[in-house]
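Sequential numbering of the sequence shown, starting at 873, is according to this note's numbering.
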Amino acid sequence: MSDDRDRRFTFIESVRRFFWLPREVPREPAPILPLTRVWIFGVVAVGAGFAALGWGDWLYVIVISTVFALLDDVIEGVRHRWPAFVVALPAGWAADRLVRAVTSAPRDPDWAHYPGLVVGALVAFAVFVVITRLPDRRRAVRSVPS
873 MSDDRDRRFT FIESVRRFFW LPREVPREPA PILPLTRVWI FGVVAVGAGF AALGWGDWLY
933 VIVISTVFAL LDDVIEGVRH RWPAFVVALP AGWAADRLVR AVTSAPRDPD WAHYPGLVVG
993 ALVAFAVFVV ITRLPDRRRA VRSVPS
């Protein structure tokens, strides 16, 4: 009986930690190099390969790789993780829509979505990194002498 209770408590603590990190856990900004690698290899190279092969339905791997890369940093506990995640995805979507509206679509439908998705992923990564680099309010309050 106590073993089941311990498992439930561990699960509840894991879910709670996913959404709310304890105050004593250090929160660093999102690292730029891993997100740059994901954008270059996972978004640009793989997306271009799928478009060149004519696998237009697979271009949404770009969206999935973007969301998973950002979610990985959220799970690691970067600074301002949830606001950055919530703002970065709509910013990327808006950039995608803007690029699609401004540029003319190529005749090949597989290449039609590619520029917007690549720019949208880049904007989402950039917004996420910028928001995680904002100063932490709790540290600023603690460092002010009274």
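By construction, the Cβ of each residue, glycine as well, lies at the ideal position given by its N, Cα and C atoms.
Coarse secondary structure for residue i, derived from DSSP in three states
i, result
"V1002", "helix"
"R909", "helix"
"G921", "helix"
"V990", "helix"
"W927", "coil"
"D1008", "coil"
"D980", "coil"
Range of the contiguous alpha helix (DSSP H) that encloses residue i
i, result
"A972", "For the record, residue 972 in the displayed sequence is Arg; it is not Ala. From DSSP, the alpha helix (DSSP H) with R972 extends over R953 to V974."
"E900", "Here E900 belongs to no alpha helix (DSSP H), and DSSP marks it neither H nor E."
"V950", "No alpha helix (DSSP H) contains V950, which DSSP labels as neither H nor E."
Exposure label - residue i; buried when at least 16 CB within 10 Å
i, result
"W911", "buried"
"Y986", "buried"
"A960", "buried"
"R969", "exposed"
"L905", "exposed"
"T908", "exposed"
Q.
Measuring CB atoms only, is the segment 954-968 touching the segment 918-928, in the sense that at least three cross pairs come out at less than 8 angstroms?
A. Output reads no: the segment 918-928 does not touch the segment 954-968.
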